[in-house]
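Asks: Quick one: this structure, given as structure tokens, is what I'll be asking you about.
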Amino acid sequence: MQRERIASFLLFNKYKENQRELRVQANFDHLSGVMLRSTFMDLSQKAIEQPKCTDLFIGLVDIDYFKQINDNYGHRMGDLAIQRLSQCLEKELKVDYRDRADFVEKFDPAKDNVLARLGGDEFVFACHCPSEAACLEKMRDLQAAFAKEKIALDGQRLSQLRFSCGVIHYLNNLPNVDQLYQRADQLMYEVKKQGGGNVLLARSCFFPEKRLTLDKKLVYFKYRLSLAGKVLSAA
């Protein structure tokens with residue numbers, strides 16, 4: 000009887016452990032360790048549905064010249080660059096994925112930050128910040144931290160990494176997180192067109208639905224953050 004109880008106890012613990020692992024696999028990316036896009040969209044949608052949500056920033060981050068990294072150094076080096084950026088993002092954005100199995104269930108949309116890998120070298124985040132200046136300062140620190148990363152593999156070294164980023168400050172005016180994601184994506188690609196290595200931030204309220212061109216959407220409000228850390232504003 001005692002052996003049967005012990006066996007049942009061990010089987011139950013194994014079942015719980017398997018369930019935890021399945022939850023991790025269903026919600027998190029195996030290479031970067033951060034969330035999958037579908038889970039991110041669900042949780043960030045909950046965040047923007049919070050009453051008076053005005054401290055939330057949705058951003059897209061993409062490694063500059065990533066194709067050249069893969070072509071010149073190989074895909075293993077590219078994977079390491081993805082992992083390093085993921086680690087920098089988690090640290091600087093204060094994303095706590097230590098308990099990944101239970102993160103989704105315990106997620107607090109009013110205060111928890113989330114980060115996901117979209118595929119390739121592209122990441123998306125939803126981060127609570129007290130102000131636009133604080134968000135830009137956080138991105139400046141992130142750019143500096145990523146630039147300090149040095150990756151060595153098979154006698155090859157990769158350094159001076161950088162990224163392009165577009166950030167939307169959510170001001171309680173859009174019902175769908177996918178709209179915020181698309182607009183952050185537009186901002187990020189404007190940075191790419193200008194040479195990369197920078198950040199653009201815009202307010203969601205200055206993206207009227209009937210105005211289609213990117214320059215008109217951005218003309219009312221945008222920030223640029225230089226690599227030197229200087230914040231520039233343009234009207």
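Heads up: the sequence shown is residues 0 to 234, going by numbering that gives the first Met the number 0. By construction, the Cβ of each residue, glycine as well, lies at the ideal position given by its N, Cα and C atoms.
(1) If you count every other CB in all the chains shown that lies within 10 Å of the CB of residue 201, and 16 or more means buried, which is it?
(2) Looking at C-alpha atoms only, which residue of 126, 62, 182 and 74 is the closest neighbour of residue 91?
(3) Taking Cβ to Cβ, would you say residue 39 is nearer than 8 Å to residue 103?
(4) Across which residues does DSSP place residue 126 in a beta bridge pair?
(5) Which residues bound the beta strand (DSSP E) around residue 161?
(6) Identify the continuous alpha helix (DSSP H) that holds residue 143 and give its terminal residues.
(7) Which one of 165, 192 and 62 has the shortest CA to CA distance from residue 179?
(8) Mind checking residue 168: buried by the 16 CB within 10 Å criterion, or exposed?
(9) What would DSSP say about residue 97, mapped onto helix, strand or coil?
(10) Spell out the partners DSSP gives residue 169 in its beta bridges.
(11) Rounded to the nearest angstrom, what separates residue 98 and residue 182 at their Cα positions?
(12) Which residues mark the beginning and the end of the alpha helix (DSSP H) in which residue 77 is found?
(13) For the 8 Å Cβ check, are there 3 or more pairs between the region 77 to 92 and the region 182 to 200?
(14) Looking at residue 106 and residue 160, is the spacing between their C-beta atoms short of 8 Å?
(15) Quick check on residue 112: buried or exposed, where buried means 16 or more other Cβ atoms within 10 Å of its Cβ?
(16) Go to residue 30, then tell me how far its alpha helix (DSSP H) extends in each direction, as first and last residue.
(17) When you compare the CB positions of residue 85 and residue 31, do they come within less than 8 Å of one another, or not?
(18) For residue 94, I'd like the list of residues in its chain whose CB is within less than 6 Å of its CB, leaving aside the five on either flank, ordered along the chain.
(19) Check each candidate in 151, 149 and 69 and name the one with the smallest Cα separation from residue 119.
(20) Taking the C-alpha atoms as reference points, what is the distance between residue 192 and residue 19?
Replies: Reading off the structure:
(1) buried
(2) 126
(3) no
(4) 56
(5) Run containing residue 161: none; DSSP gives neither H nor E here.
(6) 131 to 147
(7) 165
(8) buried
(9) coil
(10) 55
(11) 31 Å
(12) 74 to 91
(13) no
(14) no
(15) buried
(16) Here residue 30 belongs to no alpha helix (DSSP H), and DSSP marks it neither H nor E.
(17) yes
(18) 112 and 114
(19) 69
(20) 43 Å
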